[in-house]
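Here the protein sequences line up with chains R and D, keeping their order. Position one of the first sequence corresponds to residue 1 (this note's numbering), numbered consecutively onward. Position one of the second sequence corresponds to residue 357 (this note's numbering), numbered consecutively onward. No residue lacks a Cβ here, since even glycine has one placed at the ideal position from N, Cα and C. Note sheet for the following structure.
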Amino acid sequence: MSIAIESVSKNFGQFAALNDVTLKVPSGELVALLGPSGSGKTTLLRIIAGLETPDRGSILFNGEEATKRDVRERQVGFVFQHYALFRHMTVFDNIAFGLTVKPKKSRLGKGEIRDKVNTLLKLIQLENLFDRYPAQLSGGQRQRVALARALAVEPQVLLLDEPFGALDAKVRLELRRWLRRLHDEIHVTSVFVTHDQEEALEVADRIVVMNNGQIEQQGTPSEVYDRPATPFVFDFLGNVNLFQGRVHEGTMKMGGMELASPEHAASNDLPAIGYVRSHDIEIERFAFDASSIEAEVRYILSVGPLVRVDLALLGGEESIEVDLPRDVADKLSLQVGEKVFARPRKMRVFTHDYQI
Amino acid sequence: MHATTTSRASKVSEPAAVRWLLISVALAFLALFLLLPLAAVFAQAFDKGWEAYLAALHEPDTLSAIWLTLLTATACVPVNLFFGIVAAWAIAKFSFPGKSLLITLIDLPFSVSPVVSGLIYVLIFGLQGWLGPWLQAHGIRIIFAVPGIVLATIFVTFPFVARELIPLMESQGRDEEEAALTLGASGLQTFFRVTFPNIKWGVLYGVILCNARAMGEFGAVSVVSGHVRGSTNTIPLQVEILYNEYSYAAAFAVASLLALLALVTLAIKTLAEWKIQQGLSINENER
Chain R
1 MSIAIESVSK NFGQFAALND VTLKVPSGEL VALLGPSGSG KTTLLRIIAG
51 LETPDRGSIL FNGEEATKRD VRERQVGFVF QHYALFRHMT VFDNIAFGLT
101 VKPKKSRLGK GEIRDKVNTL LKLIQLENLF DRYPAQLSGG QRQRVALARA
151 LAVEPQVLLL DEPFGALDAK VRLELRRWLR RLHDEIHVTS VFVTHDQEEA
201 LEVADRIVVM NNGQIEQQGT PSEVYDRPAT PFVFDFLGNV NLFQGRVHEG
251 TMKMGGMELA SPEHAASNDL PAIGYVRSHD IEIERFAFDA SSIEAEVRYI
301 LSVGPLVRVD LALLGGEESI EVDLPRDVAD KLSLQVGEKV FARPRKMRVF
351 THDYQI
Chain D
357 MHATTTSRAS KVSEPAAVRW LLISVALAFL ALFLLLPLAA VFAQAFDKGW
407 EAYLAALHEP DTLSAIWLTL LTATACVPVN LFFGIVAAWA IAKFSFPGKS
457 LLITLIDLPF SVSPVVSGLI YVLIFGLQGW LGPWLQAHGI RIIFAVPGIV
507 LATIFVTFPF VARELIPLME SQGRDEEEAA LTLGASGLQT FFRVTFPNIK
557 WGVLYGVILC NARAMGEFGA VSVVSGHVRG STNTIPLQVE ILYNEYSYAA
607 AFAVASLLAL LALVTLAIKT LAEWKIQQGL SINENER
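Laid out in structure tokens, this is it:
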């Protein structure tokens, strides 16, 4: 089922949680709503589910008006951050709940319900724990039960609110890959909320980046990561260094350094900020060209496969962070206090009115 | 094992002598002010033997008082159970304008003296009250009759169920109800299959406290009852009358019923609290 959100706004008292948001989720896609807390992503998810009503705008399911439709009739499966399992019911009864509350006419027989729950238990690989209570399960197991419970009613849309937020790092990684595989199998239109960019990049077909109740950018993970539309997206996805300067007729000037910025060919001496990802900077012992900038190594930190180097730019207060692959760092064998040259390989320049 | 436990305990608590002193002071206090009077009630009640005890309870006026007390409690508890759950549900699970005013209103009976609560009803329904003449013209008696006693008791015992449930329901949050709704459950199904099982021990706790107060209420009932023997006297009023007439054995015999009620209430309350604690600790594990 496709979802269309048309100019939806929602206020909580003075706080504008959503401000004129328009979004289309095509049928069968797995979409991530990514943003910092307070960006409105959870509110948007709850509006799709029918747990909140928008102040303005409308929601369409398969092109049909559904803004006023009751939660119960929306056929959505909702997975909560804190699982929200029924604590007084066993795993089996939790999963069967949606099937047993159906009106008599459309309800399955006892045997059919049992078969269906058993199939779902197999899907989440918890066949042996069917008679446990939620309190007796680990966080990862609980979230899988919550997923099975939501899937039991065969929802047209699966909505997940920070589904892995309360889990530890390793379980989170396992479970999100499992979710991706599951989605490839059952292809139900899914929307999940996360503040973890890595999670969104890894799992989603499409990422919708939200900030201050508005959509900053939407696109495939590589589109969003490689071509951020706004400084916010640049900043939010990955580690980034800022260079303050001015752009004039296609050249960005910062201190003593110059860099071509062809997309600003028409600019006439505008204040601008250059955005460079920490892994898009070269460290060299000599000045390559005008784009090299002299700096001093402040400290060196090993972060798993990467080595993070903190550089203080000479002739300024600013410092930048550079991520080098370990073999490159080993070859350079940098010393703290050493003078080197940093050279951005790729820079994205935004002028102050934030136009591209 | 024992050695380590003891040494750890000694690091975080007072010396043994101080501990024993504190414990004995607390126990002595309990014995003097709670156990002794309770024992005295039963001792006095059985002072003249079983026969006299049973005879005192078989007095027609006393039987009528017991009957009226049971009737009042049976009328009050379901009403307050219903409104208590509804109010707690509304306050804990929804946000609406006037919510804090509602919470204050629920607490009102706790902060007003029961005598004043009784007087309010006299002012409204009494002969000189606002509705008095109209009620008299239509032949309805509220003050100095059973309806007044029930009304006053409902007012005084209103907060018990709601007060017990609000914090419990607030701590449990709305997630489970929302999950039930998204799974297609109706409001009633959500209440009976999700909400109620989570609060049932709290409900029981609230009900027994409400019941104990409904049966034992003196002040408010005293004002509206009119003390008509065999007709508008509840157990507490009957005890007072018997006591004032120097029939001590009979007074204490009737009083022992209330004391028994208190003991039963205490036992159920302990059980309910234990069950609630269990439920909450499961809840904490889940977070």
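Between Tyr561(D) and Ala501(D), the C-beta spacing is not below 9 angstroms. Beta-bridge partners assigned by DSSP to Gln214(R): Asn211(R). In this structure the segment 507-516 of chain D does not lie against the segment 46-65 of chain R, because fewer than three pairs of beta carbons, one per stretch, are closer than 8 angstroms. Residues of the same chain with a CB within less than 7 angstroms of the CB of Arg176(R), apart from the 5 flanking positions on each side, are Phe164, Glu199, Glu202, Val203 in chain order. Check the Cα spacing between Asn19(R) and each of Met252(R), Lys116(R), Ser37(R), Asn212(R): the tightest is with Asn212(R). Rounded to the nearest angstrom, the Cβ distance from Ala448(D) to Met525(D) is 3 angstroms, consistent with a contact under 8 angstroms.
Listed along chain D, the residues sitting closer than 7 angstroms to Lys102(R) by beta-carbon distance are Gly540.
Of all residues in the segment 45-67 of chain R, those with a C-beta nearer than 9 angstroms to a C-beta of chain D are Arg46, Ala49, Gly50, Leu51, reading in chain order.
Here the segment 178-186 of chain R makes no contact with the segment 97-115 of chain R; the two share fewer than three CB pairs at distances below 8 angstroms. Residues of the same chain with a CB within less than 8 angstroms of the CB of Ile505(D), apart from the 5 flanking positions on each side, are Leu424, Thr428, Val577, Val580, Ser581, Thr588, Thr590 in chain order. Across the set Gly485(D), Trp406(D), Ala618(D), the C-alpha of Ala618(D) shows the shortest separation from the C-alpha of Ala570(D). Between Phe341(R) and Ala272(R) the beta-carbon gap is near 22 angstroms, outside 8 angstroms, which marks them as no contact. Look at Phe92(R): its C-beta is not under 9 angstroms from any C-beta on chain D. Close to chain R, meaning a Cβ-Cβ distance shorter than 8 angstroms, is no residue of the segment 450-461 of chain D at all. Using beta-carbon distances, Val76(R) counts as an interface residue toward chain D, with a partner under 9 angstroms. If you check the CB distance, Leu565(D) and Lys625(D) come in under 9 angstroms.
Around Val550(D), the beta-carbon contacts reaching into chain R at under 8 angstroms are Phe86. Chain D places a beta carbon closer than 9 angstroms to that of Val153(R), counting this residue as a contact. For the pair Arg343(R) and Ser291(R), the CB atoms are nearer than the 9 angstroms cut-off. For Leu34(R), no alpha helix (DSSP H) encloses it; the enclosing beta strand (DSSP E) starts and ends at 30-34. Within 7 angstroms of the CB of Asp531(D), the CB atoms of chain R belong to Phe80, His82, Ala84, in sequence order along the chain. By the C-beta criterion, the segment 71-90 of chain R is judged to be in contact with the segment 146-156 of chain R, since at least 3 inter-stretch pairs fall below 8 angstroms.
Per DSSP, the unbroken beta strand (DSSP E) holding Ser9(R) starts and ends at 3-12. Between Val117(R) and Ala152(R), the beta carbon gap of about 7 angstroms places them in contact (Cβ cut-off 8 angstroms). Taking a Cβ-Cβ threshold of 8 angstroms, the residues of chain D close to Phe97(R) are Ala536, Leu539, Ala541, Arg549, in chain order. With at least 16 other beta carbons inside 10 angstroms of its own, Asn567(D) counts as buried. If you draw a straight line from the Cα of Pro553(D) to the Cα of Phe130(R), it is about 20 angstroms long. Of all alpha-carbon atoms in Glu318(R), Thr189(R), Asp323(R), the one lying nearest the alpha-carbon of Ser302(R) is that of Asp323(R). For Asp161(R), DSSP records a beta bridge to Val193(R). For Glu294(R), the secondary structure class from DSSP, reduced to helix, strand or coil, is strand. In the DSSP secondary-structure assignment, Pro344(R) is bridged to Ile281(R). In the displayed model, Gln244(R) falls within a strand according to three-state DSSP.
Contact holds between the segment 394-408 of chain D and the segment 601-613 of chain D, because three or more Cβ pairs, one in each stretch, are under 8 angstroms apart. Only those residues of the segment 318-352 of chain R whose C-beta falls short of 9 angstroms from the nearest C-beta of chain D would be listed, and there are none. Contact between Gly35(R) and His195(R) holds: their C-beta atoms lie close to 7 angstroms from each other, under 8 angstroms. In the DSSP assignment, Asp323(R) is bridged to Arg308(R).
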